[in-house]
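S.K.: Would you mind keeping the following structure in view while I ask a few things?
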Amino acid sequence: MTNKINASVYNEDYYTQIYGKENNVYTIEHRRKIEGIHPELILFIFNPDNILDTGCGKGLLLYFLDELRYKHKLYFYPRMLGLDYSEYAINNAPEEIRSQLICHDITKSFPVAKRNFDLVISREVIEHLTVEIGPEIW
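To convert, note that position 136 of the sequence shown is 335 in my numbering; the numbers rise steadily by one, no gaps.
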């Protein structure tokens, strides 16, 4: 039996109090400063047609990628899908990208295998996995 962290841990308290320690806040503008030019690098170096972001949280990286479509008037813009374990995160994602996010436990099978992805992103995720879960997903 795996000793999993309950998804309900990633609730409003996590995003406002735990994540918010030491002046670290989980807002769009704070995350924009942290991301810097990373979204543009992702688009222009990898030039993906389909992006899967596993452990996307509130989907802010996908939100920033989506913004670039308008900033650069892109016509080749990739399709995106974000998966996260937290219903709270998905339900509190920016409205513009919420429809592209799905609440899902990444340690479980998911039928996205029928869809090809040029780029799979999983950032700031591994520290949330317990030692027991690692062997299940690798």
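The beta carbon of each residue, even a glycine, is placed where N, CA and C say it ideally should be.
Treat the numbers as computed from the prediction; the structure is a model and nothing was measured.
What separation, rounded to the nearest whole angstrom, lies between the Cα atoms of residue 270 and residue 264?
M.R.: C-alpha separation (whole angstroms): 10 Å.
S.K.: Would you identify the three-state DSSP class for residue 215, choosing helix, strand or coil?
M.R.: Helix.
S.K.: Do residue 283 and residue 296 have their C-beta atoms closer together than 9 Å?
M.R.: Result no, Cβ atoms of residue 283 and residue 296 do not sit closer than 9 Å.
S.K.: Spatial neighbours of residue 286 within its chain, please: CB distance less than 6 Å, with the 5 preceding and 5 following residues excluded, ordered by chain position.
M.R.: Excluding residues within five positions, the ones whose Cβ falls inside 6 Å are 302.
S.K.: Exposed or buried, residue 280, counting other C-beta atoms within 10 Å across all chains shown (16 or more means buried)?
M.R.: That one is buried.
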